[in-house]
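Residue 33 is where the sequence shown starts when you use my numbering, and the numbers rise one by one after that.
No residue lacks a Cβ here, since even glycine has one placed at the ideal position from N, Cα and C.
In this text, all values refer to a predicted model and were calculated from it rather than measured experimentally.
Have a look at the structure below, then the notes.
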Amino acid sequence: MVIALAGRRIDSPDTTESRFPAQQAILVQERIRKLLKHNDATDLVCSAACGADLLALEIAGKLGIRRHIVLPFARDIFRRTSVSDRPGNWGERYDCVLDEVERDGELVLLGLSEDDPAAFATANITILERAIKLARKDGQPLLGVVVWDGRSRGHDDLTEQFLNDALDRHLDIVQVSTLD
Numbered sequence: 033m034v035i036a037l038a039g040r041r042i043d044s045p046d047t048t049e050s051r052f053p054a055q056q057a058i059l060v061q062e063r064i065r066k067l068l069k070h071n072d073a074t075d076l077v078c079s080a081a082c083g084a085d086l087l088a089l090e091i092a093g094k095l096g097i098r099r100h101i102v103l104p105f106a107r108d109i110f111r112r113t114s115v116s117d118r119p120g121n122w123g124e125r126y127d128c129v130l131d132e133v134e135r136d137g138e139l140v141l142l143g144l145s146e147d148d149p150a151a152f153a154t155a156n157i158t159i160l161e162r163a164i165k166l167a168r169k170d171g172q173p174l175l176g177v178v179v180w181d182g183r184s185r186g187h188d189d190l191t192e193q194f195l196n197d198a199l200d201r202h203l204d205i206v207q208v209s210t211l212d
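Okay, structure coming up:
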């Protein structure tokens, strides 16, 4: 099965409404591991932000699942804007995973500007379209996975947009909670 995944980043230290507390990372990674194994995942297509993406990519690597990463812009810009801006060793983990995936030829850099307000939404669409093509090519079923707290942050919630875009494409969806 091909998995297209998106989800929450780890909460920033100054967050007022907890959506993915850092102390939940191990539990969420275990939930993702069970989901990948239960669905006999062969491929994972996602981005590489701190939180849901990197946790899924790390566990997929341990399980021998092919990993495909889509980034809206260059590695260093994405690292600064979506990875190392949270506490913890996310930057090191990101570098390790990206090096492995790039070696395998499965890193897609869209080359968008970090000032482009649609950059992350475009990356989400690309994740879905790449997963759909991969599933068709390999004759595999496809599953959309949304790792989040189940609550919209409003009109600019990219995780909710990913969910809606996946539903628009008639994907089966599984939601993984970032909370207890």
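For Asp170, there is no enclosing beta strand (DSSP E); the enclosing alpha helix (DSSP H) has its first and last residue at Ala151 to Asp170.
By the criterion of at least three beta-carbon pairs nearer than 8 Å, the segment 57–69 is not in contact with the segment 142–158.
Ser209 carries a strand assignment under DSSP once its states are collapsed to helix, strand and coil. Exclusion of the five residues before and after Asp204 leaves Leu175 as the residues of its chain whose Cβ lies within less than 6 Å of its Cβ.
Counting the other CB atoms within 10 Å of its CB gives His100 a total of 16 or more, which places it among the buried residues. Selection Ile35, Leu141 and Asp117 evaluated against Leu89 yields Ile35 as nearest (Cα-Cα). The Cβ-Cβ distance between Leu142 and Val102 falls below 8 Å. The segment 42–52 and the segment 164–173 do not touch, with fewer than three beta-carbon pairs separated by less than 8 Å.
Assignment of Arg135 by DSSP, reduced to helix, strand and coil, places it in the helix class.
Per DSSP, the unbroken beta strand (DSSP E) holding Leu174 starts and ends at Leu174 to Trp180. Within the same chain, Cβ atoms closer than 6 Å to the Cβ of Arg98 are found at Asp75, the five residues on either side in sequence being excluded.
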